[in-house]
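Structure, as structure tokens:
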Amino acid sequence: MNITVEITYDTNYAKEISNSINVDNIDIPKGMNIDISHKENKIIIKISMEITEPRNVLTLRNTVDEILQHISTIEKTLTKLSP
1 MNITVEITYD TNYAKEISNS INVDNIDIPK GMNIDISHKE NKIIIKISME ITEPRNVLTL
61 RNTVDEILQH ISTIEKTLTK LSP
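Once you know that position 80 of the sequence shown is 80 in the UniProt record's numbering, the rest is easy, because the numbers rise by one and skip nothing.
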């Protein structure tokens with residue numbers, strides 16, 4: 001079974017954030033695919049994972065949580081740095 005999660009996040013820093021979090025996707029779990037792009041003011045994240053055992057669902061959820069935390073941190077930092 002394969003599960004795909006798609007997240008669309010609206011922000012003025014879509015390009016900067018998507019470029020920043022794309023760099024972090026080097027060592028991902030086996031069977032997982034992460035695609036991050038941006039269009040206008042939206043970040044589009046698609047995470048799919050082959051589910052071969054129950055703990056894979058938890059791995060997928062943890063990955064989604066981690067990406068959302070990264071987005072939040074980067075956005076807060078960029079907002080503070082903006083004039």
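Don't be surprised by glycine CBs; every beta carbon is placed ideally from N, CA and C.
Looking only at C-alpha atoms, which of the options sits nearest to residue i?
i: T63; options: D27, A14, L78 and D10; result: D27
i: K76; options: L60, E16 and S48; result: E16
i: I21; options: D65, P83 and E53; result: D65
i: K49; options: V57, S37 and H70; result: The question names Lys, yet the displayed sequence has Met at residue 49. That would be V57, whose Cα lies nearest to the Cα of M49.
i: E6; options: I74, N33 and E40; result: N33
i: K42; options: E53, T52 and N19; result: N19
Just to confirm the assignment, what range does the alpha helix (DSSP H) spanning residue i have?
i: K76; result: R55 to L81
Mind checking who residue i pairs with in its DSSP beta bridge?
i: D27; result: DSSP lists no partner for D27.
i: N22; result: N22 pairs with nothing; no bridge assigned.
i: N2; result: E50
The beta strand (DSSP E) with residue i in it runs from where to where?
i: Y13; result: Looking at the DSSP string, Y13 is not in any beta strand (DSSP E), and its letter there is neither H nor E.
Does DSSP put residue i in a helix, in a strand, or in coil?
i: I36; result: strand
i: T52; result: coil
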